[in-house]
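In structure tokens:
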């Protein structure tokens, strides 16, 4: 079954736009995509601190994660 990024609504902007997505790869182990203040997207490692990649678009971030994170295959 393909894993799916889920919006983390606790991080939404005041107007309701999402800024954070999470992907559970195993029980209680997550990767995140966070939108930065300059409109780029950071892929955050499961340690919740390490930025693995910065992308200009959300679709690019999801694509990079699908191609580079072995846990997603």
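Numbering (my numbering), first residue to last: -19 to 53.
Every residue, glycine too, gets a C-beta built ideally from N, C-alpha and C.
Go ahead and pull the three-state DSSP assignment for residue 28. coil
When you compare the CB positions of residue 13 and residue 38, do they come within less than 8 Å of one another, or not? yes
DSSP three-state assignment for residue -3, whether helix, strand or coil: coil
Counted within 10 angstroms of its Cβ, other Cβ atoms place residue 7 as buried (16 or more) or exposed: exposed
DSSP state of residue -15 mapped onto helix, strand, coil: coil
Is it true that the CB of residue 36 sits closer than 8 Å to the CB of residue 20? yes
Can you list, in chain order, the residues of its chain whose CB lies under 6 Å from that of residue -12, leaving out five sequence neighbours each side? 0 and 2
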